[in-house]
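Student: Chains as they are written, first to last, in our numbering: chain Y, 10 to 233; chain U, 202 to 268.
Please read through the structure below; I'll follow up with questions.
This is the structure we're talking about:
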């Protein structure tokens, strides 16, 4: 994604956030918090004072759609460029810091205990972004046949580990039987599968880097 | 990782024709690290790469790679 597009995305995001905050403020001040607090949409009746919140909601939805389309297009462009040049995609190792987003998953403990909401556990999947540290180190290198072979091996090994862990998780959940509630099973599966996906993603990049850099100490004395 | 079981004389022939690893890598379209692995017989090349290397150094494949 070009810097211009990234700048546009950030500016639109900020505008979107300001508009949403203003709409929420308006709703809380003049409209009894309608469409802010949970409400029964079955008996919902439109009021003219709801318009700011509805507009903010539409704006957020449009922004999310734009964000998703931009990311997909950007991903496709990078993939096409990578195919044309035969090199790996350009990516900064700093993207690895996105892996810290995975810690948001721990919010799930609080949301589950207080509100019974399981969704935040899905954020554990972001731990996989720590793999960008390794992918970034191999950014824009020639993907020759040895690299492709290593990539296949790394993928295979990562997937094998993921498959085994998924099996163990299912076995564990199955063994709990009726001793735990359906909610606990959902938490176990959501967090477990998210963590496994993250691990597979991370291992994929880590193993590729490791295979590629193995015996790297020997390389130094071979410079000619 | 499975190590290839073969003998590789690439280093000798490459030096004979006066090519560096970098130059040979560029000629055959691989990374320098791949040439290094080949010379250490730690990587089993594809037939295409073996042919390309053979052409680049002007030596028959069977003399470079002994399986």
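Even glycine gets a Cβ: it sits at the ideal position worked out from N, Cα and C.
1. Between residue 4/Y and chain U, is there a C-beta pair that is closer than 8 Å?
2. Looking at chain Y, is there any beta carbon in it that lies within less than 8 Å of the beta carbon of residue 207/U?
3. Check residue 151/Y in the structure and name its three-state DSSP category.
4. For residue 214/Y, is the classification buried or exposed, using 16 other Cβ atoms within 10 angstroms of its Cβ as the cut-off for buried?
5. Note down, in chain order, every chain Y residue with its Cβ under 7 Å from the Cβ of residue 256/U.
6. Give me the Cα-Cα distance between residue 170/Y and residue 127/Y, rounded to the nearest whole angstrom.
7. Select from the segment 147–168 of chain Y all residues with a C-beta closer than 8 Å to any C-beta belonging to chain U, and list them in chain order.
8. Out of 257/U, 230/U and 268/U, point me to the one whose CA is closest to residue 217/U's CA.
9. Taking 7 Å as the line, does the beta carbon of residue 206/Y fall inside it for any heavy atom of the ligand FMN?
10. In chain order, what residues of the same chain have a beta carbon less than 6 Å from the beta carbon of residue 197/Y, not counting five sequence neighbours either side?
11. Which one or two residues does DSSP pair with residue 266/U in a beta bridge?
12. Who are the Cβ neighbours of residue 163/Y in its own chain at under 7 Å, not counting the five residues just before and after it?
13. Taking the alpha carbon of residue 222/Y as the point to measure from, which residue in 147/Y, 202/Y and 133/Y has its own alpha carbon closest?
14. Which residues in chain Y have a C-beta closer than 7 Å to the C-beta of residue 248/U? List them in chain order.
15. If I'm right that residue 265/U touches residue 207/U with Cβ under 8 Å, what's the distance once you round it to whole angstroms?
16. Compare the C-beta of residue 230/U against all C-beta atoms of chain Y and say whether one is closer than 8 Å.
Tutor: Short version:
1. Residue 4/Y cannot be examined here, being either before or after the span of chain Y that is shown, 10 to 233.
2. Between residue 207/U and chain Y, the shortest Cβ-Cβ separation is not below 8 Å.
3. Strand, per DSSP.
4. Answer is buried; the Cβ neighbour count reaches 16.
5. Within chain Y, not a single residue places a beta-carbon under 7 Å from that of residue 256/U; the smallest gap is close to 16 Å.
6. Taking C-alpha positions only, residue 170/Y is separated from residue 127/Y by approximately 25 Å.
7. Here the close residues are 150, 151, 153, 154, 155, 156 and 162.
8. If you compare the alpha carbons of 257/U, 230/U and 268/U with that of residue 217/U, the shortest gap goes to 257/U.
9. Looking at this structure, you won't find the ligand FMN or any other ligand, since it has none at all.
10. Excluding sequence neighbours, residue 197/Y sits near 182.
11. The partner list for residue 266/U (beta bridge, DSSP) reads 209/U.
12. Excluding positions up to five away in sequence, the list reads 213, 216, 217 and 220.
13. Out of 147/Y, 202/Y and 133/Y, 147/Y has the C-alpha closest to the C-alpha of residue 222/Y.
14. By Cβ distance, chain Y contributes nothing, its closest Cβ being about 11 Å from residue 248/U, past 7 Å.
15. Between residue 265/U and residue 207/U a beta carbon distance of about 10 Å is seen, past the 8 Å cut, so the two are scored as non-contacting.
16. Yes, its Cβ sits closer than 8 Å to a Cβ of chain Y.
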